[in-house]
Amino acid sequence: MAVAALEGDAGPGVDRTSLKTKLRRAERLNRARSFSLVAPLLLFVLAVFALPIGLMLVRSVENTEVRDSLPRTMVALESWDGTATPGEGVFAAFAEDLVQTQKDRTTALVGKRINYEVPGARSRFLKAGRLIDAGGGGPWKDKFLANDAEWGSVDFWAIMKRAGGVMTPYYLLTSLDLRQDATGAVSWNFADQSIFLEIFYRTIWISFMVTLATLILGYPVAHLLAILPPKHANMLMILVLLPFTTSILVRTTAWIVLLQSNGVLNDALLALNITTERVQLIFNRFGTVLAMTHIQLPFTILPIYSVMKSIPASHLRAARSLGAGPLTAFVSVYMPQTLPGVGAGCLLTFILSLGYYITPALVGGPQDQMVSYFVALYTNREMNWGQASALGAILLLITLVLYAVFNRLVGIDKVKLG
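Put into structure tokens, the structure is as follows:
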């Protein structure tokens, strides 16, 4: 339209092609300026959000330890048919690789990776390393079998060959309590090693209870904020926002003081003769849900309040004038209009609760730890970044699935954050 207008207004001596070119150049310049304003935020999001998630997903299937440390062995195993114990060539290549791993001090690292799938493999690799340090030559097959008879296991070498791949499904399968046998068939993991499905269920259940508790407690508060005069509403809003002035760690520590056996709540219960002995209020599911509910309550209240504030009071008056009672008018007319805020607050609280670590770790018991606790455990203590990344990837997938279900049932376009 702008080009046509310029062409229509241009006189007979004006170069219309030049005007069109100048206009397009000006539009490109404006677009470039607009992009330059957004570019810092885009780079920030990519650097601190998209890139870490991408690295986590890659790490959940990355499998470089064995291939990088035992390259000759992996090449020799490519021609192995998997029906019998490998021949002398494979053991000789394995001995050469162990000479290098002993120099690089990575023998235990390789053994640790195989030990994930074959219990006792780490000590077997360390014994083999000491055999290499003792010196001498072949035949290596006989020496390794004399050192440990398990070196003759066909299943062990099949797992070794599979572990030499660039990528592995091991971490993701383990996160779902699944395992691969030596043939590659997938089955349920052993009962004493099947813990992660229960942990994911526990994480979802605790998040649901926290979301429900914040909705029950927060909905009346949001309604009160919406109908109070501005002077009183502002004071109440300050109280709602006050927890944001302190860190989660401080608020969680405060709950430890309140809930412990010799804490304020137990003293109050005994003083009021509600109980005759001190009640265990901490290091259990009750303490975990209570502390998390306190922390998440503002995140549920604020979206609901923002929607309630936009609902005209005339709607309720109109319902009353048409014969509806106070309760009927509230439930039939007012509450349906607040559902976008309820959906936003509950979705926000639920997703944030899925990733909780500090609060369950401090006020919860062993049976109250959520997925984040085990991500930290495998990252900091076990140094198993593959397993930690796989747990994070599964949690991300669960979050996306729940988000898709919510969008399907409620519709994300109907949700209002304010």
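Its first residue numbered 1, the sequence shown is counted upward by one per residue in full-length UniProt numbering. All residues carry an ideal CB built from backbone N, CA and C; glycine is no exception.
Return the Cβ separation of residue i and residue j in integer angstroms, given the expectation that the two are a contact with Cβ distance under 8 Å.
i           : j      : result
Thr288      : Ile206 : 6 Å
Trp385      : Arg59  : 6 Å
Val210      : Met292 : 5 Å
Gly152      : Thr85  : 5 Å
Thr300      : Thr246 : Rounded, the Cβ-Cβ distance is 19 Å, inconsistent with contact.
residue 429 : Thr73  : As displayed, the chain neither begins before 1 nor continues past 418, which places residue 429 out of reach and without an answer.
Report buried or exposed for residue i, applying the criterion of at least 16 other Cβ atoms within 10 angstroms of its Cβ.
i      : result
Phe125 : buried
Phe200 : buried
Asp104 : exposed
Val38  : exposed
Asp97  : buried
Met167 : exposed
Gly218 : buried
Met370 : buried
Pro129 : Residue 129 is actually Gly in this sequence, not Pro. Flag for Gly129 reads buried.
Leu391 : buried
Val331 : exposed
Gly345 : buried
Ala2   : Residue placement at Ala2 cannot be trusted, given a pLDDT of 46 that sits under 50; what the coordinates show is reported in the next sentence. Looking at its Cβ environment, which holds fewer than 16 other Cβ atoms inside 10 Å, Ala2 is exposed.
Glu65  : buried
Pro303 : buried
Val401 : exposed
Glu117 : buried
What did DSSP end up calling residue i once you bin it into helix, strand or coil?
i      : result
Met167 : strand
Ser187 : strand
Leu281 : coil
Gln369 : coil
Gln296 : helix
Leu228 : coil
Leu322 : coil
Leu272 : coil
Gln260 : coil
Leu402 : helix
Leu178 : strand
Asp133 : helix
Ala388 : helix
Asp413 : helix
Ser306 : helix
Met383 : coil
Asp148 : coil
Under 7 Å: does the beta carbon of residue i sit that close to some heavy atom of the ligand ZN?
i     : result
Leu41 : Among the ligands in the structure shown, none appear at all, so the ligand ZN cannot be discussed.
Taking 7 Å as the limit between beta carbons, can you name the residues of its chain near residue i, skipping five residues before and five after?
i      : result
Arg122 : Ala108, Gly111, Lys112 and Asn115
Val279 : Asn266 and Leu269
Met308 : Ala222, His223, Ala226, Thr338 and Gly341
Leu173 : Arg179, Gln180 and Val186
Ile358 : Ile248, Leu249 and Thr252
Given residue i, which residues of its chain have a CB within under 8 Å of its CB, disregarding the five upstream and five downstream residues?
i      : result
Thr83  : Val154
Gly184 : Arg162
Thr379 : Trp385 and Ala388
Asn407 : none
Lys127 : Asn147 and Asp148
Within its chain, find whatever has a CB closer than 6 Å to the CB of residue i; leave out the 5 residues flanking it on each side and keep chain order.
i           : result
residue 421 : No statement about residue 421 is possible, as the shown extent of the chain runs from 1 to 418 and does not include it.
**OP:** With a floor of 4 residues, list each alpha helix (DSSP H) that falls wholly inside the segment 43-120, ordered by position along the chain.
**Re:** 51-59, 65-69, 71-77, 88-104 and 107-115
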